[in-house]
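To start, the structure itself, in structure tokens.
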Amino acid sequence: EAEVAQSPRYKITEKSQAVAFWCDPISGHATLYWYRQILGQGPELLVQFQDESVVDDSQLPKDRFSAERLKGVDSTLKIQPAELGDSAMYLCASSSREGYGYTFGSGTRLTVV
Amino acid sequence: AQKVTQAQTEISVVEKEDVTLDCVYETRDTTYYLFWYKQPPSGELVFLIRRNSFDEQNEISGRYSWNFQKSTSSFNFTITASQVVDSAVYFCALCFTGGGNKLTFGTGTQLKVEL
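Going down the list, the protein sequences come from chains Y and H.
Numbered according to the working numbering, the first sequence spans residues 127 to 239.
Numbered according to the working numbering, the second sequence spans residues 2 to 116.
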């Protein structure tokens, strides 16, 4: 079964440092999403790509977060500088058609110390 | 605006008991999709079911069943004869057509199944 690949699985970083996460969606999936899940809460959308274009980044803290999907395939989410409040699970997902269930990756669990 | 409410924060049951997880949603759209996901301690989100707003037929899959009632905006999930492996956080989610497939999640229900 096809999977969404994410790395790293775990990341510990000091506050004010830069950190980056990588996601490779299921082949052929045009839509890619980054969600953030704070402990005890449901995931919330940070950014959505359709191919290489951003279609929704309204909840992305743009002063410190950036995301790119240059060739419309894999994607990178970056935080610079990291803050203590950024500690969370970062989940990547992809989908091929509207309304169909996403496929989520295993996530990157970020701890900022 | 879209909203999903899972009022049950945590449920504990003894193995083999039946358990129902509640989900209430709000949307002004007439066409939308509802989902349930399971999140085990390892953290990944496992897709369980998708239901569109025009299909109110209940569904059963093994020990799992789902009751969709549009009149009460509810999409409840029942596990029959629960097992320890069912222990996880369960999320209900909503997306509407034209909304770019963005999922709005509830806050989740932690299910603990004990021996």
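Heads up, the beta-carbon is just placed ideally off N, CA and C, and yes, glycines get one too.
It is roughly 47 Å from the alpha-carbon of residue 195(Y) to the alpha-carbon of residue 116(H). In this structure, residue 90(H) places its C-beta atom within 8 Å of the C-beta atom of residue 111(H). Along the stretch 43-72 of chain H, the positions whose C-beta sits under 9 Å from a C-beta of chain Y are 43, 44, 45, 46, 47, 48, 49, 50, 51 and 53, read in chain order. Separation of residue 70(H) and residue 9(H) (C-alpha to C-alpha, rounded to the nearest whole angstrom) is 18 Å.
Interface residue (Cβ-Cβ distance to chain Y less than 8 Å): residue 22(H) is not classified as such.
Around residue 25(H), the same chain offers 6, 74 and 75 as residues with beta carbons nearer than 7 Å, after the five sequence neighbours per side are excluded. Chain order gives the chain H residues near residue 182(Y) as 101 and 103, where near means a beta carbon separation below 7 Å.
Annotated three-state conformation of residue 54(H) is coil, per DSSP. Counting other Cβ atoms within 10 Å of its Cβ, residue 53(H) stays below 16 and is therefore classed as exposed. Taken in chain order, the whole beta strand (DSSP E) runs of length 3 or more contained in the stretch 28-76 of chain H are 33-40, 47-53, 60-62 and 65-70.
Under DSSP, the beta-bridge partners assigned to residue 14(H) are 114(H).
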